[in-house]
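A.B. asks: Provided herewith is a single structure, encoded as structure tokens, for subsequent inquiry.
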Amino acid sequence: MMIALQASAQSVALVLSGGGAKGLSHVGVLRALEENNIPIDYVVGNSMGAIIGGLYASGYSPKEIEAFVKSRDFKEWVTGRLNEQDFSNDLEDANASWINVPFSIESRIVSRLPSSIISSFLMDYAVMEVFAGPSAVASYDFDSLFVPFRCVASDIDSSQLVVLREGQLGTAIRASATFPLLIRPVKIDGKLLFDGGMYNNFPVDIAESEFAPDLIIGSKAVGNYDAPRQNDILSQLQNMLMRKADYTVPGENGILIESKMGPAGVLDFSRIDTYIDSGYNAALRQIPALETKLQRRMSTDSLAAERMKFRSKIAKLNIGQVNVFGVNKKQAGYIKNKFNFKNRYSRLDTLKAAYMSLLADDKISYIFPELVYNPQQGNFDLNLDVSLAKPFLAEVGGNVSSAATNQAFLGLYYRNLSSIGSRFGVNAYFGRFYSSVQGLARFDLPGAMPFFLETKATLSRKDYFRNATYFFEDPTPAFLINDETFLQLEVGHLIGKNRKVNIGFAAGRRGFEYYQTNVFGRNDTSDVNQFDFLRPQIRFEYNSLNRKYFSSAGMNWKIQVSIYDGTQKNIPGTEANKSFIEDRRQTFFRLKLHYDNYFAHAGNWHFGLLTEAMITNQPLLSNYTATVLSAPVFEPVSEMKAMFLDNYRAFSYLAGGLKFIYSPARNIDIRMEGYVFQPYQRILDQGPYEQPKFGSKFSDQFYTFSSRVVIHTPLGPLSASLNYFDKSDNHFSAVVSFGYLIFNRSAFE
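Going by the working numbering, 49 is the number at position 67 of the sequence shown; the sequence numbering is gapless.
So this is what it looks like as structure tokens:
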């Protein structure tokens, strides 16, 4: 016990109830008690009460605890709201999946429901980081913390309340805060533990039996749930899972502080100041009653001195070695090599990026970390309890749209982890405009220079004719089909977090089928243009965008150099009045620079900048339609990916624009975007069947404006957009869509 008591002095225990977000009222209670010199000799808590009580028992002052719970980091780990960039370290190509279903094949196909709704990765890491030092100072005995501490959890196997009084303080608190179905449970001494509120949300009796205090102060943040309602499954589950608690403090020497905050959800952290102020004011109202029952006081200065004395003993979180449990020897070796601990990390404050990168590995399902102090070495061992992902993964997604871009996406993959990691799979897109099949194999080799080998075989088609309604008087050709068939091999190296360099080689055929005018009959055949190519490529990329679609934070930049060498063949159709086949060799390069940065944030506003440059010596083809189809394209607005807009195609160009995003709620964005496209030399149409020519340098500019409302749902984005495209046949586009308009990567991107 760090605060010494005289034999005749009154001892005081503080009991903190659970209550989710409302439990932050305990911070205000602590502040009021300390300001009025009320001593706290013992702390007992459950759930959020365990978190707040554990921080206080670890030597944090009420002011420090308040700053902590108001931080962005705290909100993220208690709500489990992870940014996508935390799991994009391998920078894989995004796909159109809505849901991922891992499963295994045993005697039959087995798929299990997830054990939690909220991701606990950040919470697991945070409780380790915050409580590892105090646990070590106390030699893993909760009686030896700055303030002796207890928290409670529920063992559903034996239907008993478990009192946690020793071991890893962070793990004990994490178990106590495991609200059923919301947060993944943890194991302590082989027992799977949940929120103590399942059996006792207000553990006054535990304070009495563990510490026998002279005075108990109970802080009540919530009451029992209302009676279950017939049409409300959540209310039914809450009443089934959580036993009604007795929120009284028995005996003459008991004081109940009851905070009144009105209705609020378990995860409603939008009113932290209100919760804290409510607890503070509720405690102030009970100070006169406390003063009549308690003669003893603790001065602010002596309390601060004791706190500083305890905190000064906390060792820096330097890491000695990494131990991996839950997997076999080869798998543990892979994890250690991918973690690459000895070569890069010795302090916990430099560890998080590597830890999140490890979690990003699709062959790993879950990691529970603990830091154990090694007194001989004077540092901490990092213990990782690893659960592997199910070997099979099915993905389902696509895009549902008021335009003609509806498509379905299916993916099936097999993952294996040994001394190297591997993944094999196939995906397919089915749609009126876009269809594709892709097979892939990937091998991850971790280490001081982690790299991967990946091969993909892709077949795809874009059919612009089926994507919209055209009329014969439209000047732009309507029948346009773009086919690609290619095999590619890539070798990539991951450079820290979110950075990658890869060298790739592809071989295949790109084919166009088209009519150069809209006047064609049933018996006519289209022109065909084929390019059989070899393509080496090198790409540097950084990606920290917070979403794979409609981002509002982070940055993405890439520098890509590609060289194409092959045979260009043009086969005229019946309308061309030509019978000979053109066949010639082509070699050209493409240098692409892309920069997308959400560079500023002010309140609910986010501001982004997108710039792009393309430089190439690609030659003109035999006619305008084939030339424009083969040209690089600028597509900053998602709907442009499914439209043939020849004004936004050029061999070399500069482009860019600004994005303004207002977010009235976390999952709602109102986006306004404007872009300008500047071709170096516009491709000019000289008429059907005639070779085009280049226009004057920097002679034309084309503008694009887009406004959009986006609702980010758990499955994918629901958006309604109004777009303007400069100097096109159809200036305006109004589209309502759900999902992702994402395609397999082209060999010419």
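Each residue gets a CB set at the ideal place from its N, CA and C atoms; glycine is no exception.
(1) Where residue 591 and residue 129 are concerned, what is the direct C-alpha to C-alpha distance, given to the nearest angstrom?
(2) Report yes if the CB atom of residue 145 is closer than 8 angstroms to the CB atom of residue 192, and no otherwise.
(3) For residue 697, is the classification buried or exposed, using 16 other Cβ atoms within 10 angstroms of its Cβ as the cut-off for buried?
(4) What are the residues that DSSP puts in a beta bridge with residue 112?
(5) Between the beta-carbon of residue 534 and the beta-carbon of residue 715, is there less than 8 angstroms?
(6) If you run the structure through DSSP and keep just helix, strand and coil, what is residue 258?
(7) From this set, 75, 401 and 5, which residue's C-alpha is nearest residue 529's C-alpha?
(8) How would you call residue 456, buried or exposed, if buried means at least 16 neighbouring beta carbons within 10 angstroms?
(9) Residue 241 to residue 43, Cα distance in whole Å?
(10) Let me know if residue 442 comes out buried or exposed under the rule of 16 or more other beta-carbons within 10 Å of its beta-carbon.
(11) Counting C-beta neighbours from all protein chains within 10 Å, is the total for residue 36 16 or more, i.e. buried, or is it exposed?
(12) Kindly identify the DSSP beta-bridge partner or partners of residue 596.
(13) Checking the sheet assignment: what are the DSSP bridge partners for residue 470?
(14) Could you round the C-beta distance between residue 162 and residue 180 to whole angstroms and report it? I think they count as a contact, below 8 angstroms.
(15) With burial defined as no fewer than 16 other Cβ atoms inside 10 Å of the residue's Cβ, what is the status of residue 599: buried or exposed?
(16) Just how far apart, CA to CA, sit residue -3 and residue 113?
(17) Under DSSP, the alpha helix (DSSP H) around residue 61 begins and ends at which residues?
(18) By a C-beta neighbour count over all protein chains shown, 10 Å radius and 16 as the cutoff for buried, is residue 432 buried or exposed?
(19) Going by C-alpha to C-alpha distance, which of 147, 257, 584 and 152 sits closest to residue 201?
(20) First and last residue of the beta strand (DSSP E) that includes residue 347?
(21) Would you identify the three-state DSSP class for residue 309, choosing helix, strand or coil?
(22) Can you tell me whether residue 585 is buried or exposed, with buried defined as 16 or more other CB within 10 angstroms of its CB?
(23) Tell me whether the beta-carbon of residue 699 lies closer than 8 angstroms to the beta-carbon of residue 589.
(24) Measure from the alpha carbon of residue 509 to the alpha carbon of each residue in 290, 551, 316 and 53, then state which is nearest.
(25) Could you have a look at residue 142 and say whether DSSP puts it in helix, strand or coil?
(26) Using alpha carbons as the reference points, say which of 603, 602 and 632 lies closest to residue 615.
(27) Would residue 32 pass as a contact of residue 203 if the rule is Cβ separation under 8 angstroms?
(28) Do you know offhand how far residue 408's Cα is from residue 613's?
(29) When every heavy atom of the ligand NAP is checked, does at least one fall within less than 7 angstroms of the C-beta of residue 306?
(30) Please report the residue range of the alpha helix (DSSP H) in which residue 197 lies.
(31) For residue 8, which of helix, strand or coil comes out of DSSP?
(32) Using a Cβ-Cβ cut-off of 7 angstroms (strictly less than) and excluding sequence neighbours within five positions of residue 548, which residues of its own chain qualify?
(33) Can you tell me whether DSSP reads residue -8 as helix, strand or coil?
(34) Where does the unbroken beta strand (DSSP E) through residue 665 begin, and where does it stop?
(35) How many Å lie between residue 302 and residue 362 at the Cα?
(36) I'd like to know if residue 434 contacts chain D, where contact means its C-beta is closer than 8 angstroms to some C-beta of that chain.
C.D. replies: According to the structure data:
(1) Spanning the alpha carbons of residue 591 and residue 129 requires a straight line of approximately 51 angstroms.
(2) Taking the C-beta atoms as reference points, residue 192 is found nearer than 8 angstroms to residue 145.
(3) Counting other Cβ atoms within 10 Å of its Cβ, residue 697 stays below 16 and is therefore classed as exposed.
(4) Paired residue(s): none; residue 112 is not in a bridge.
(5) At a Cβ-Cβ threshold of 8 angstroms, residue 534 and residue 715 do not count as neighbours.
(6) In the structure shown, residue 258 sits in a helix (DSSP, three-state: H, G or I).
(7) Checking every option, the nearest Cα to that of residue 529 belongs to 75.
(8) In this prediction, residue 456 scores a pLDDT of 49, lower than 50, which makes its location untrustworthy; no coordinate-derived value is stated.
(9) CA-to-CA, the gap between residue 241 and residue 43 works out to about 21 angstroms.
(10) Residue 442 counts as buried, since no fewer than 16 other beta carbons sit within 10 angstroms of its beta carbon.
(11) Residue 36 is buried by the Cβ-count criterion.
(12) Answer is 574 and 635, bridged to residue 596.
(13) Residue pairing from DSSP places residue 470 in a beta bridge opposite 438 and 488.
(14) Confirmed, Cβ separation roughly 7 angstroms.
(15) Exposed, because fewer than 16 other Cβ atoms sit within 10 Å of the Cβ of residue 599.
(16) For residue -3 and residue 113, the gap between their C-alpha atoms comes out near 20 angstroms.
(17) Boundaries of the alpha helix (DSSP H) around residue 61: 54 to 61.
(18) That one is buried.
(19) The candidate whose alpha carbon is nearest that of residue 201 is 257.
(20) Looking at the DSSP string, the run of the beta strand (DSSP E) that includes residue 347 is 346 to 356.
(21) Three-state result, residue 309: coil.
(22) Flag for residue 585 reads exposed.
(23) The criterion of a C-beta distance shorter than 8 angstroms is not satisfied by residue 699 and residue 589.
(24) Selected option, being the one with the closest Cα: 551.
(25) Reduced to three states, the DSSP call for residue 142 is strand.
(26) It is 632.
(27) No, these two residues do not count as a Cβ contact at 8 angstroms.
(28) Roughly 29 angstroms separates the two Cα atoms.
(29) Here there are no bound small molecules, and the ligand NAP is not part of this structure.
(30) Per DSSP, residue 197 belongs to no alpha helix (DSSP H); it is in the beta strand (DSSP E), 197 to 202.
(31) Three-state DSSP puts residue 8 in a helix.
(32) Answer for residue 548: 513, 514, 515, 516 and 568, listed in chain order.
(33) Secondary structure of residue -8 (DSSP, three-state): coil.
(34) Per DSSP, the continuous beta strand (DSSP E) segment holding residue 665 begins and ends at 663 to 666.
(35) Their Cα atoms are separated by approximately 5 angstroms.
(36) Going by chain labels, chain D is absent from the structure shown, which holds only one protein chain.
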